[in-house]
Structures are given as structure tokens and as C-alpha cells.
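Chemist: To start, I am sharing the structure in question, which I have written as C-alpha cells.
Chains as they are written, first to last, in full-length UniProt numbering: chain A, 1 to 389; chain B, 1 to 389.
Set out below in C-alpha cells:
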């Protein structure tokens, strides 16, 4: 990495939660100019007082920030890269707010996109009528494991070695990886946003085990090991089916998906013939407690922004997802929220009426050529048509 | 009650589990002739040795049995009343086995029928081609709370004050109640088997809380209070939706259904503004432990024989049951069993293609007049037609 390049690249970090604070401070420590945005003032109060954020753990030092603001226009003005670190439930609103102020060539990275994040973001920008040439991309996971531990103070437990990222259209991913590399050499190009979106492992490990341990979470305030005690053989049997449905959907969309079992093996080196065994053999899960409430991102984020879009991709590809659907329905009943309506449906992702091939065209090239109507039945559909996305 | 009548009435009790043993012994103690049947020999071994069953608890004494047998023909020959006390999952098979040996005017009582028990039983008898005039009826719940406590020894904890029963056709219910009254004055006539079937409260309290506590059941072997700890606000929120779906289905079938909240109030005097509160205020639930495995009747009986038929009635009546469906789907994933296929669907209940009015006709009169085909569209359908059930 190179100090001259650093001075040239400006970041905005959108969202001042655990992750956003860690990222903003770390980028500042690396020497970049960083603006930090948060919707509400209260998360910024202490940071404004000190002018930045103290880091401890895997990285330590004080990251002095440039602008600390609740004004999205001020936050993103003249920056090169906009790192969005809010829960995926915030992506829609940020897209709407930011759209009028986006500038040519800005790069937007959703950290992470969950499932369909970049597609949805792009669709909202399009609906607002903004025609700026920005690059929208999504990471497959969040690069830091970290937590706010005091006023303007964050602990970074670990930084991942590798994070996949994809832009839409996919041929722009190279540019995103290149631009990010000065700060994060860990980012690697995925084939497309379908790959980052359909390898969303949180969709498997978060909602169903939380539901199937809901009473225990509520009566013990999460005082049990989330994975080791919470994923018993019966629960593992359910999440195995969910994982299988996800992989079938991915395959139908011609996307390589890694199974949860494979993921545990290559991420943690966990051995096991079944998902249950592999989880029990994952040392990183020992002692890891459950959330203390069922009103938690594991449901309110992962159901609408991970499972609903996977099920919606399934609908498009003609792959039934009955177990995923049952989790969505039961979470809706538990939270008194219609997650089907709230979540990322094909319509919200801008995929309504598209075929699998057209979706590929969209994620690879950024637009779809819709054959013109009125062609006689049986006649081969030509390449002429309207560009819609 | 009258000793002369008693000598006239002979019972068969089919199923030598906790309930069947209590019922057989109690009936014998009351002075009736009782045969006890079980499919497998091992449950009968100790009872054959002693010639009967010892009762303790609410009733005590030794009930000497007439025949103790694994031969269904021997068990039901020349009896007046056949009390079936197996899990509902056994009803199909018993109907098939017993059909060839049924005699005119015998009364069959499913204790209880769960949902659709009598309809299914009748449908199977019909399919076997047996044309004997028997009365098939179902109780809404089981009259005893009891447990086998030793070899040929049962403890009766309590006997219910009132149990609703209905025959199919409903005009024969009076005869069932009259015949049973010499032994059980507690049996009362329900309007029809739709009423007994759709007021199946086990459908509400058994499958969903078991699923939503599955990991806790497996890791603690049920060492927590099933209702008090297992039905937290989040779980109560789910079962409230399930109950609401059941009531909507019942209403669409013109059946009065009691809500779970009302049921807790009149059964246990439990007060509460919500199902959660009423359950927490139910003294009978204090200390009641969970099952020690998820491979339990609460799922393997109540899903196929309670929730699947309620959902199937919903399909007929045009009432969606998304939360019930999600429980069926998730239980199927957990047990690796397709409960939709295994359970009591409209087809198995003999209701396929029937309208709500025709179902009423079937349960009230025992047969349905199907208007003849080929009537010109728009023409009023007459009463002429084929009798099909």
C-alpha cells in the first residue's frame, strides 16, 4: 500500500454501529480521509466529542474522522467509495436518500449485501430516475468481527482473510476490487452478485435456530450456547433442508453454491458427516451465547433480506422452497410482521417477469434486452427489443 | 347405574396403552364384560398373567378382563361398544383390520378422534365394501388422565366431568350417548363430528410449542416446564395465529369453535388478556415437564391427524392456513417425514370434491347427494343425483 494513493481516495462509511465504527476508524488509521454518517444523532455524540474513534484488539490506535454527520449529502459528497455498513433492512432507505446526491464514478459497497442487496439498491436508484454512472457492489460477508466497547471505542476481534465482492454489472467488479485493494487486499472478485447473494450462510444459521429456540431465548435471556446447545439434531435436520433448498435455487440459477457443511470445513476446519456433527466440532462456536431476545437481526434482518429473496429467486427458477417458506411464515407470526411483504421480493429486486437467462444478463451486463411484444407465437425471438434495466 | 343393564353391555377396548388399560380396568370394575386388544403381545403379557389390571388413584381395585388378545376378530366379536384408545395414527389400520368382523349395530368410539377421525374411519370402512350398520363416533378428548405405573397397574389421576362426542351421521349421536351413559354419564352430544374435530385443542398446544422448543427438549431431555417455560411470549404469538386459523376454518364450516383462550378459562378458570397470560396463570401447568424427545405424539400424532386435516378443511372452505402449514412443513423437515402425505387430507376423509354444504350433509345425514353431471351450465341443480357416501 502506498501513502500517495491513500491521500487520493476518500471514503464515506454509512452506519455507525459496531461494524461501521470499526471500519471508519481502521480506514482513518490507514491514512484515508473518512466521513462517518449515521441516521440518528445519538450514535455520533461521543464520536463528535473526540473527533474520532479509539480502536483496540486486532488493531489499536485513534482513527480521526473527517466529517461526522447525519446529513447523507455531506457524508458522500466528493468521496470515492461509499461503504454501507447498516443492517440490510436499511439499504432501501439509504438508496432513496443517497440517490439525488450520488456523483459520477462513485463506488458503493454493501457490507454485506445479504441476498439481493446490490440488485435492490440498483433498482431503487433506477426508480428515482438518477442516471449517474455509479458502481453498486455487495460483499458476501462483513470483514470485521468487532464490538463497540465504550464511548467512541471499538474492539476488533478479528479481520477476515478473504471477502468476496461483486458489482452489478459483473464486468465492473474488477474496478471495485482494484479500488478497494489499497485499503483491503482481502476483497476478491466473485462471479456475480448472484454468487455473493446465494452464498449467504447467515440465511441458514440465523433465522431457523433462533425460531426453534425462541422460548429458551426468552426465558433464559440467551443464556445457552447458540450453536452447540441450540442446534440439536432436530434443529440441524431443519437447517439441512433449508441449506439444500438454497443450493437447489442457486444451481437452477447456474450459480455455484457452497453448502453449509463445506463452509464449516473451509472456514473453521470442522469435520463431520452431518451438519450437526460439524457444528458440534466447531471450536469457534464453543461458549458463543444466544441472543438475549427474539427481536434480533437474526430474524428481523435475515428473514426479509436473506430468506425472502432466496425464496423469490426460487419462484423465478421454478424451485420450491417449502422449508424456507415455513421459516418466513413462522417468523412473521412470531413478530406480527408480514416478512413476505417487507422483504426483498423479485419485484423489489427488479426481477419481476424476467427469466433465468435474463437475470444473468442483468447481473453480468447491467441491463436486459426484453424481446418486443406482438411477435407471432412460435416465431424465434430476435435480439431487437427494449432495454429495461 | 344399574347392574342388570351392565350385564347386557359388552365392551372391547382397542389399544393397551396408558389410556386403554385405565379404561378397560375401570369398565370391568364397574361390572361390564370387557375385552382388551393390543396389536403387539408385549403390552399384554403382564395383564394376561394377572387376568386383569390393578387401578390406583382416583379409582382403585382390580378390573378382571374377559378376553386379552392380539386377535381383533376375537376382541370385537359380540361386543356392543368398541372403544378405540390407540393414537390417532393407528385409526386407519384398525379400521382396515376390524372392518370384515364388524357386526350390525356395534358402536365404535374413537377416544379421541383428533381431527377427522370418525370421517376417516367411515371412509375406510366404506372402501373395504363392508355394508354393516355400525355407528362410528368420536370423542373430543380422552376421559382419563392416567399412566401405567407398573406391570398390569395403572394410576388414574383424574376423570373428566364432561366429554363431547358425535356420531356420523349426527342423528345417531343420541344413541351413542344413551348407550355409553350406563358407564359414562360424562359423554354429551356435540352437534356433529365437525364440532368435535375442530375443537381439537391439542392441535394448538402440542406441535408448535414442541417444535419451537426442540433443541431445548433434546439437550435437556425435557427438563423444563412445557407450558410455563416453553410457551414464552414469542411462542404464544405463533400459537395464537394457529388458533385463529383453526377458528376461521371452523367458522367457514359453520361450526362453533372455542378459542384456546376461552378453553383455558372454562377448563382451568385461567384468567388473562392474552394466551400467554392465561397459560402463565394456569395452575395445572405448573411443574408439568416437557417430553424428553421431539419424536413424540405431540408431533407424530398431532401434525398428521390434527393440523393436516384442519389445513385440509381450510382448503375446502377457501380459508388459508399459512401458519398451520408452516408447522406441518417444519415438522416434516425435522422428522424427515412428509406429514402432508401421511396425514388426513380431504381425500382420506372422503371429502374430495365436496362443497361445505355437502360436507354438512355428509356429517348430518351420513351420505351426500351429488347432483348429476351433464346439466347445462347455469341451470339450477336439482336434488336428483347419486348417493356417494
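Beta carbons: idealized from backbone N, C-alpha and C, even for Gly.
1) Please determine, among B:296, B:350 and B:335, the residue with the shortest C-alpha to C-alpha distance to residue 309 of chain B.
2) Can the beta-carbon of residue 14 of chain A be found less than 9 Å from the beta-carbon of residue 85 of chain A?
3) With three or more beta-carbon pairs closer than 8 Å as the criterion, would you say the segment 224 to 231 of chain A touches the segment 323 to 341 of chain A?
4) Please confirm whether residue 126 of chain A and residue 79 of chain A have their CB atoms less than 9 Å apart.
5) Would you check if there are 3 or more beta carbon pairs closer than 8 Å linking the segment 43 to 60 of chain B to the segment 90 to 110 of chain B?
6) Give the straight-line distance between the Cα atoms of residue 279 of chain B and residue 185 of chain A, rounded to the nearest whole angstrom.
7) Report the neighbours of residue 241 of chain A on chain B: residues whose CB is nearer than 8 Å to its CB, in chain order.
8) Just verifying my parser: in three-state terms, what is the DSSP assignment at residue 69 of chain B?
9) Look at the alpha carbon of residue 289 of chain A and the alpha carbon of residue 266 of chain A, and state the distance between them as a whole number of angstroms.
10) Which residue marks the beginning of the beta strand (DSSP E) containing residue 347 of chain A, and which one marks its end?
11) Measure the alpha-carbon distance for residue 138 of chain A versus residue 218 of chain A and round it to whole angstroms.
12) Residue 154 of chain A to residue 116 of chain B, Cα distance in whole Å?
13) Quick one: give me the first and last residue of the beta strand (DSSP E) that residue 182 of chain B is part of.
14) Could you please give the first and the last residue of the uninterrupted alpha helix (DSSP H) stretch that includes residue 218 of chain A?
15) Below 8 Å, how does it come out for the segment 289 to 299 of chain B and the segment 204 to 211 of chain B: are there three or more Cβ pairs, yes or no?
16) For residue 131 of chain A, count the other beta carbons within 10 Å of its own beta carbon; 16 or more makes it buried, fewer makes it exposed. Which is it?
17) Quick check: what's the CA-CA separation for residue 238 of chain A versus residue 229 of chain A?
18) Out of B:275, B:259, B:282 and B:363, which has the shortest C-alpha to C-alpha gap to residue 269 of chain B?
19) Would residue 38 of chain B be called buried (16 or more neighbouring beta carbons within 10 Å of its own) or exposed?
20) Is DSSP giving residue 156 of chain A helix, strand or coil here?
21) Buried or exposed for residue 319 of chain A, going by 16 or more other Cβ atoms inside 10 Å?
22) Taking 6 Å as the limit between beta carbons, can you name the residues of its chain near residue 258 of chain B, skipping five residues before and five after?
23) Could you work out which residues of chain A lie near residue 233 of chain B, taking near to mean beta carbons separated by less than 8 Å?
24) Might you give, ordered along the chain, the residues of its own chain that have their beta carbon closer than 6 Å to the beta carbon of residue 321 of chain A, omitting 5 neighbours on each side?
25) Give me the residue from B:363, B:89, B:273 and B:183 with the minimum Cα distance to residue 81 of chain B.
26) Report the rounded CA-to-CA distance for residue 8 of chain A versus residue 324 of chain A, giving the unit in angstroms.
27) Contact criterion: CB-CB distance below 9 Å. Does residue 336 of chain B meet it with respect to chain A?
28) Take the Cβ of residue 106 of chain B as the centre, count every other Cβ of all protein chains shown within 10 Å, and call the residue buried at 16 or more, exposed below.
29) Expressed to the nearest angstrom, what Euclidean distance is found between the alpha-carbon atoms of residue 62 of chain A and residue 180 of chain A?
30) Give the single residue among B:114, B:73 and B:28 whose Cα lies nearest to the Cα of residue 94 of chain B.
31) In chain C, which residues lie with their C-beta within 8 Å of the C-beta of residue 211 of chain B?
32) Could you tell me whether any non-hydrogen atom of the ligand ZN is closer than 8 Å to the CB of residue 184 of chain B?
33) What's the C-alpha gap between residue 189 of chain B and residue 340 of chain A?
34) Spell out whether any CB of chain A is found under 9 Å from the CB atom of residue 308 of chain B.
35) Output the boundary residues of the alpha helix (DSSP H) element that contains residue 35 of chain B.
36) Using CA atoms only, rank isn't needed, just tell me which of B:113, B:10 and B:362 is closest to residue 301 of chain B.
Modeler: The short version:
1) Selected option, being the one with the closest Cα: B:350.
2) Their beta carbons are under 9 Å apart, which means residue 14 of chain A touches residue 85 of chain A by this criterion.
3) No, the segment 224 to 231 of chain A does not touch the segment 323 to 341 of chain A.
4) No, the pair does not count as a contact, with Cβ atoms beyond the cut-off.
5) Inter-segment contact for the segment 43 to 60 of chain B and the segment 90 to 110 of chain B is absent: fewer than three beta-carbon pairs are separated by less than 8 Å.
6) Approximately 56 Å, taken between the alpha carbons.
7) Result: 333.
8) Note: residue 69 of chain B maps to strand in three-state DSSP.
9) Rounded to whole angstroms, residue 289 of chain A and residue 266 of chain A show a C-alpha spacing of 23 Å.
10) Taken as a continuous stretch (DSSP letters only), residue 347 of chain A belongs to no beta strand (DSSP E), as it is neither H nor E.
11) Taking the straight line from one Cα to the other gives about 33 Å.
12) When the Cα atoms are used, residue 154 of chain A and residue 116 of chain B turn out to be separated by approximately 60 Å.
13) Residue 182 of chain B -> no beta strand (DSSP E), and no H or E assigned at all.
14) That run of the alpha helix (DSSP H) goes 214 to 220.
15) Contact holds: three or more Cβ-Cβ distances are below 8 Å.
16) Exposed, since its Cβ has fewer than 16 Cβ neighbours within 10 Å.
17) The alpha-carbon atoms of residue 238 of chain A and residue 229 of chain A are separated by roughly 15 Å.
18) Put simply, of B:275, B:259, B:282 and B:363 the residue whose alpha carbon is nearest the alpha carbon of residue 269 of chain B is B:282.
19) Counting Cβ neighbours within 10 Å, residue 38 of chain B comes out buried, since at least 16 surround it.
20) The answer is strand: DSSP assigns residue 156 of chain A an E or B state.
21) Counting Cβ neighbours within 10 Å, residue 319 of chain A comes out buried, since at least 16 surround it.
22) The beta carbon of residue 258 of chain B sits closer than 6 Å to those of 199, all from its chain and outside the five residues before and after it, given in chain order.
23) Under the 8 Å cutoff, chain A gives 218.
24) Taking residue 321 of chain A as the centre and dropping the five residues before and after it, the same chain places the C-beta of 245, 311 and 314 closer than 6 Å to its C-beta, in chain order.
25) The option with the nearest alpha carbon to residue 81 of chain B is B:183.
26) In a straight line, the C-alpha of residue 8 of chain A is about 45 Å away from that of residue 324 of chain A.
27) Interface residue, yes.
28) Buried, because 16 or more other Cβ atoms sit within 10 Å of the Cβ of residue 106 of chain B.
29) Approximately 22 Å between the Cα atoms of the pair.
30) Restricting attention to B:114, B:73 and B:28, the CA atom closest to the CA of residue 94 of chain B is found in B:73.
31) Among the protein chains of the structure shown, namely A and B, there is no chain C.
32) This structure lacks the ligand ZN, and indeed carries no ligand of any kind.
33) The C-alpha of residue 189 of chain B lies about 43 Å from the C-alpha of residue 340 of chain A.
34) No - not a single Cβ of chain A is within 9 Å of the one on residue 308 of chain B.
35) From DSSP, residue 35 of chain B is part of no alpha helix (DSSP H) but of the beta strand (DSSP E) over 33 to 37.
36) Nearest of B:113, B:10 and B:362 to residue 301 of chain B, Cα basis: B:113.
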